[in-house]
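Under numbering that gives the first Met the number 0, the residue at position 51 of the sequence shown is numbered 50, and the numbers go up by one with no gaps. Remarks on the structure that follows.
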Amino acid sequence: MQVKTQQDEFQSYLKDASNIVGGYAEKVFIPENEKEIAEILAEANAKKIPVTISGARTGTVGGAIPFGGYVISMEKLNQVKEINKKDCFAVVQGGTILKDFQRLVESENLFYPPDPTEWSCQIGGNIATNASGARSFKYGATRRYVRALKVILPNGETLSLKRGKIFSEKGYIELQTDQGSIIRAKLPTYRQPNVRKNTTGYFSGDKVDAVDIFIGSEGTLGVIVEAELELLPKPEAFFSGIVFFKDERDLLDFVFEARELSFRSRAERNQNEIDATLLEYFDSQSLKFISQKFPETPQTVSSAIFFEQETTQDNEDLLLEKWNALLEKHNASLEISWFTTNEQDREKMRQFRHALPVAVNERIARYNQRKVGTDMAVPDENFLSFLRFYKIKLEESGIDYVIFGHIGDSHLHANLLPKNEEEAVKSRHLYGRFIAQAIMLGGTISAEHGIGKHKRKYLYVQFGERYLNEMVAMKKAFDPHGILGQGNLFDAKFLN
Ligand SMILES: Cc1cc2nc3c(=O)[nH]c(=O)nc-3n(C[C@H](O)[C@H](O)[C@H](O)COP(=O)(O)OP(=O)(O)OC[C@H]3O[C@@H](n4cnc5c(N)ncnc54)[C@H](O)[C@@H]3O)c2cc1C
0 MQVKTQQDEF
10 QSYLKDASNI
20 VGGYAEKVFI
30 PENEKEIAEI
40 LAEANAKKIP
50 VTISGARTGT
60 VGGAIPFGGY
70 VISMEKLNQV
80 KEINKKDCFA
90 VVQGGTILKD
100 FQRLVESENL
110 FYPPDPTEWS
120 CQIGGNIATN
130 ASGARSFKYG
140 ATRRYVRALK
150 VILPNGETLS
160 LKRGKIFSEK
170 GYIELQTDQG
180 SIIRAKLPTY
190 RQPNVRKNTT
200 GYFSGDKVDA
210 VDIFIGSEGT
220 LGVIVEAELE
230 LLPKPEAFFS
240 GIVFFKDERD
250 LLDFVFEARE
260 LSFRSRAERN
270 QNEIDATLLE
280 YFDSQSLKFI
290 SQKFPETPQT
300 VSSAIFFEQE
310 TTQDNEDLLL
320 EKWNALLEKH
330 NASLEISWFT
340 TNEQDREKMR
350 QFRHALPVAV
360 NERIARYNQR
370 KVGTDMAVPD
380 ENFLSFLRFY
390 KIKLEESGID
400 YVIFGHIGDS
410 HLHANLLPKN
420 EEEAVKSRHL
430 YGRFIAQAIM
440 LGGTISAEHG
450 IGKHKRKYLY
460 VQFGERYLNE
470 MVAMKKAFDP
480 HGILGQGNLF
490 DAKFLN
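See the structure below:
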C-alpha cells in the first residue's frame with residue numbers, strides 16, 4: 000500500500016470541485032484491498048484520528064476534503080468483479096470509475112442509468128452522495144440501483160447488507176457485523192420532503208432498509224468497499240433533441256405537458272407514447288456560456304430544453320412524429336433546433352450539456368472566486384413560484400448568473416458568478432434567501448450534490464437542533480468516536 004506523508008505529494012487530495020480551500024492532512028493512504036482499509040480504520044479509531052474517505056473528488060460540497068487526520072483514497076479498489084447478464088446485476092468495488100463501468104456494462108448490452116453529468120466520479124462516491132442527474136427523471140437516483148453493500152466500519156469490522164433483508168422497526172435498526180458484533184441504531188424521525196430528488200441528511204422513514212442508511216451518508220458512517228448494482232437491458236436507441244424557444248412561457252408549457260405524458264406512458268407501460276428519459280433546461284445566460292464551447296448555439300432565443308426518449312426500430316418514426324407535434328403545439332423554434340437518432344450526435348448533445356458546468360467553473364476560477372450554486376428542489380406544484388423567485392432576485396442583484404438543470408424533476412441549479420468580494424458576499428446572502436424560500440415551499444436544500452462541508456449550516460436551518468442531534472445519535476452507533484468524514488453534514492460541536 001502506498002502511504003503519502005509529504006504535503007507536496009498529496010496536494011490534489013486536499014481539493015474537490017467545491018473550490019473550498021485550506022484542506023490539510025497528516026497522511027494519505029492508498030490501500031489496495033479491504034484488509035488494508037480495515038487496518039487503517041481500526042488504528043485511526045483506536046487513536047481517535049479523523050479519517051476522510053476520498054473518491055474521485057468530483058463532489059461539489061467539499062465532502063472529500065480533509066481538515067486534519069488521515070485520507071483513505073479508494074482509487075485502487077476499482078475492479079468490476081462480476082457482470083451477470085442473466086440476472087442483470089454487477090458487483091463492483093467502491094473505487095470503480097463510473098465511466099469505465101458504464102462502458103463495460105454497455106459492451107455487454109446492459110445499461111446502468113445513474114448519470115451525474117461528471118463521469119469521472121467513482122461508484123462509491125455516487126452511493127455516498129446518492130448521485131443523480133439528468134436521466135433520473137425516468138430512471139431515478141443511484142439509490143434505486145443498489146441491491147447490496149459491503150461497508151467497513153470505523154472499528155475495522157464489516158457489514159454485508161442485502162436489500163430487502165433487514166428493516167428498521169419502531170424507529171430502530173439492528174445489524175450484525177460479519178465479525179459478530181451487534182449494532183443497534185435509532186434512526187432520525189424527520190419526514191422526507193415531497194420532492195422528486197433528495198439527498199439531505201440520513202435516509203429516514205417508517206421502515207428503512209439497512210442498505211438505504213449508507214446511501215447518501217456522505218462518508219460519515221463507513222467505507223463503501225463493494226456494491227451490487229442492478230442493471231437494465233440496454234435501450235435499442237434514443238431520440239434526442241435540443242430545442243430552442245423564443246418565449247419561455249411556451250417552454251414551460253411544453254415541459255409540463257411532456258412531463259405529464261411521460262408519467263402516463265410509464266403508468267400504462269406504453270412504449271409508443273412520449274416518455275422522456277430527461278428534460279433539461281437552459282436559460283438564456285446558460286446558452287451564452289455554452290456558446291463559448293459551441294459557437295453554433297442560437298443567441299436570439301429565451302431558453303432551451305434538452306430531451307431524450309428511448310426508441311426501437313418499430314416505434315421510432317411514430318415517436319418522432321409525436322415529439323414534433325408536441326413541440327409545434329408549444330411554438331418551439333424547430334427550424335433552429337437540433338435532433339438526432341445517432342449515437343455520435345447524441346454524445347455531442349451530452350457534451351453540450353456538460354459544457355455548461357465546466358464553462359461556469361472556468362469562469363469562477365478566472366475571477367478567483369467560489370461558485371455559489373443552488374441545488375434545491377421543491378414540490379412540483381411550487382416549481383413555478385420558485386423559478387419566479389430565482390429570476391426576480393437574481394435580476395435585482397446585478398450579479399452574473401445562469402439557471403439550468405433538471406426541470407423534469409422540478410430541480411434547477413442557479414449559479415451565481417461573483418466577480419469580486421463584494422459580489423461574493425451578496426451572492427452568499429442571496430443563497431441564504433433561496434434556501435429559506437425552498438424550505439418555505441416544502442422543498443429540500445440539496446436534491447443531488449449533498450451537504451458536505453459547504454452546506455452544513457443550511458442543514459441546521461432545514462432540520463434544526465433536534466433532528467441534527469438525532470442524526471448524530473445514529474452516526475455514533477456506527478462511529479462512536481466520530482472519526483469519519485468530520486465536518487460533513489454537521490459541525491464538530493454536535494459530535495461532542
Ligand atoms: C461538472 C460537474 C457536474 C456534476 N453534476 C452532478 C449531477 O448532475 N448530479 C449529481 O448527483 N452530482 C453531480 N456532480 C457531483 C459529483 O460528481 C457527485 O457528487 C459524485 O457522486 C461524487 O463522486 P466522487 O467519487 O467524486 O466522490 P468524492 O467527491 O470523492 O466524495 C464525495 C463524498 O462521498 C464520500 N465517499 C467517496 N467515496 C466513498 C466510499 N467509497 N465510501 C464512503 N464514502 C465515500 C466522500 O467522503 C465525500 O463525502 C457534478 C460534479 C461536477 C464537477
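Ideal Cβ placement from N, Cα and C applies to all residues, glycine included.
Strand pairing of residue i, partner residues [DSSP]
| i | result |
| --- | --- |
| Lys149 | Ser159, Glu225 |
| Ala376 | Thr443 |
| His412 | Phe403 |
| Asp208 | Phe166 |
| Tyr144 | Paired residues: none, contrary to the question. |
| Arg195 | BP columns for Arg195 are empty, so no partner. |
| Lys3 | Val27 |
| Val371 | Leu415 |
| Val424 | Its beta-bridge partners do not exist; DSSP assigns none. |
| Ser72 | Ser53 |
| Phe238 | Gln308 |
| Leu333 | Looking at the DSSP assignment, Leu333 forms no beta bridge with any residue, so it has no partner. |
Limits of the alpha helix (DSSP H) - the one that residue i falls within
| i | result |
| --- | --- |
| Gln284 | 283 to 289 |
| His353 | 342 to 365 |
| Ser119 | That residue, Ser119, is in no alpha helix (DSSP H); it is neither H nor E in DSSP. |
| Phe462 | 455 to 477 |
| Ile36 | 33 to 46 |
| Ser135 | 135 to 138 |
Cβ-based burial, residue i [other Cβ within 10 Å; buried from 16]
| i | result |
| --- | --- |
| Leu109 | buried |
| Asp86 | exposed |
| Thr276 | buried |
| Ala502 | Any answer about residue 502 is impossible in this case: the structure gives the chain only from 0 up to 495. |
| Phe100 | buried |
| Asn269 | exposed |
| Glu447 | buried |
| Thr199 | buried |
| Phe341 | Reading off the sequence shown, one finds Asn at residue 341, where the question assumed Phe. Exposed. |
| Phe262 | exposed |
| Glu421 | exposed |
Enclosing beta strand (DSSP E) for residue i [first to last residue]
| i | result |
| --- | --- |
| Trp337 | 337 to 339 |
| Glu81 | 79 to 83 |
| Gln308 | 302 to 310 |
DSSP three-state assignment for residue i, whether helix, strand or coil
| i | result |
| --- | --- |
| Ala130 | coil |
| Glu173 | strand |
| Thr51 | strand |
| Phe243 | strand |
| Val60 | coil |
| Val20 | coil |
| Ile434 | helix |
| Gln92 | strand |
| Lys185 | strand |
| Ile398 | coil |
| Ile391 | helix |
| Leu278 | strand |
| Leu103 | helix |
| Leu318 | helix |
| Phe66 | strand |
| Leu483 | strand |
| Phe489 | coil |
| Leu383 | helix |
| Phe110 | strand |
Contact check, residue i vs residue j, beta carbons under 9 Å
| i | j | result |
| --- | --- | --- |
| Leu383 | Ala413 | no |
| His410 | Ala354 | no |
| Ala226 | Gly124 | no |
| Tyr366 | Leu325 | no |
| Leu260 | Asp274 | yes |
| Phe244 | Ser285 | no |
| Ala130 | Phe166 | no |
| Tyr189 | Tyr466 | yes |
| Glu35 | Ala127 | no |
| Val145 | Glu229 | yes |
| Thr157 | Gln121 | no |
| Val150 | Leu220 | yes |
| Arg362 | Phe288 | yes |
| Ala63 | Asp15 | yes |
| Leu317 | Asn360 | no |
| Leu429 | Ile402 | no |
| Asp490 | Tyr459 | yes |
| Gln485 | Gly215 | no |
| Leu76 | Val224 | yes |
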